[in-house]
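Terminal number for the sequence shown in this note's numbering: 225, no gaps in between.
Glycine included, every Cβ here is placed at the ideal spot set by N, Cα and C.
To keep things clear, I will list the structure first and then write my remarks on it.
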Amino acid sequence: MIDTYMMFLPELLRGAGVTIQVLLLSAVFAFLFAFVAGLGRVSRFWIVRFLMGALVELFRGTSLLVQMFFFFFALPAFGMELTPFAAGVLALSLNYGAYASEVVRGAILSVPGGQTEAGIALNMTRWQRMRLVILPQAFRLMLPGFGNNAIELLKGTSLVSLVTLADLTFQGRILKDNYTGDQVEIFTLLLLLYFVLALPLIFGARWLEKRAAKGVAAR
7 MIDTYMMFLP ELLRGAGVTI QVLLLSAVFA FLFAFVAGLG RVSRFWIVRF
57 LMGALVELFR GTSLLVQMFF FFFALPAFGM ELTPFAAGVL ALSLNYGAYA
107 SEVVRGAILS VPGGQTEAGI ALNMTRWQRM RLVILPQAFR LMLPGFGNNA
157 IELLKGTSLV SLVTLADLTF QGRILKDNYT GDQVEIFTLL LLLYFVLALP
207 LIFGARWLEK RAAKGVAAR
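Here's what the structure looks like:
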């Protein structure tokens with residue numbers, strides 16, 4: 007049985023490399039989008055709040071799989087053709103970034119109003135208050151949510167296999183079709199590899215939660 011596992015492992019590890027690339031790039035863009043959208047949701051300009059709110063609810067309220075299919079299969083009709091990798095990263099970034107933007111917005115709104123009043127008393131501009139007073143405090147509160155979001159993002163990467171990207175799940179499906187008698191071994195390895203990929207994120211999220219709790223307690 008060990009020989010069987012070792013036979014499948016190289017192909018799955020090749021797919022795991024693609025999964026890691028999708029995860030890292032999607033995480034970067036998702037958190038950038040989260041900050042832009044989260045800050046937009048607390049803007050003093052109603053048009054910015056409205057537009058960002060509509061964008062966030064669009065990606066939170068529709069299926070990630072449908073979004074991925076739209077970017078890959080429908081956009082070419084508008085003259086925009088994306089590779090499977092680009093379509094997968096774009097859909098994951100916008101979907102999980104929309105959820106993470108609520109973490110950003112909630113953390114900013116949870117900073118006590120007295121902090122803003124103190125900034126006003128010091129004659130700070132609105133941007134200075136946000137950059138120097140509110141965001142440093144809110145960021146500690148965002149960390150646990152960001153950690154959990156990253157774990158969910160890893161699990162969501164498995165959907166890129168449905169737009170023909172040769173990730174970990176795609177390689178598992180190919181092996182399953184070619185070795186129909188060894189499905190137990192293939193999917194056992196698939197589960198274990200996803201778990202191994204998730205472990206750093208799980209421990210990282212717990213570490214961030216502890217740091218955030220200590221930071222709040224210190225206040």
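Asked: Close beta carbons around G44, own chain, < 6 Å, minus the five adjacent residues each side; Found: S107, V110 and R111
Asked: Contact check, F56 vs L100, beta carbons under 9 Å; Found: no
Asked: Distance between F35 and R212 (C-alpha atoms, nearest Å); Found: 22 Å
Asked: Beta-carbon spacing of L174, Y200 below 9 Å; Found: yes
Asked: Segment limits, alpha helix (DSSP H) that includes M130; Found: First-last for M130: undefined, no H or E at that position.
Asked: Endpoints, the alpha helix (DSSP H) within which E158 is located; Found: L141 to G162
Asked: Straight-line gap, T186 to I114 (C-alpha atoms, nearest Å); Found: 52 Å
Asked: Cα-Cα separation between T68 and M74, rounded to whole angstroms; Found: 11 Å
Asked: Distance, G178 Cα to F193 Cα; Found: 7 Å
Asked: Length of the line joining the Cα atoms of V139 and I53; Found: 25 Å
Asked: Same chain only: Cβ atoms within 8 Å of G21, ignoring 5 sequence neighbours per side; Found: A172, D173, L174, T175, F176, Q177 and G178
Asked: Simplified DSSP assignment, three categories, for F193; Found: helix
Asked: Continuous alpha helix (DSSP H) stretch holding Y105: start and end; Found: P90 to S116
Asked: Selected residue, minimal CA-CA separation from A156, among R47, L195, F76 and L203; Found: L203
Asked: Pick from F41, A33 and V28 that is closest to R137, judged by C-alpha positions; Found: F41
Asked: Alpha-carbon spacing of L71 relative to K161, whole angstroms; Found: 13 Å
Asked: 9 Å Cβ cutoff met for R135 and Q121; Found: yes
Asked: G67 (DSSP reduced to helix, strand or coil); Found: coil
Asked: Exposed unless 16 or more other CB atoms sit within 10 angstroms - verdict on A124; Found: exposed
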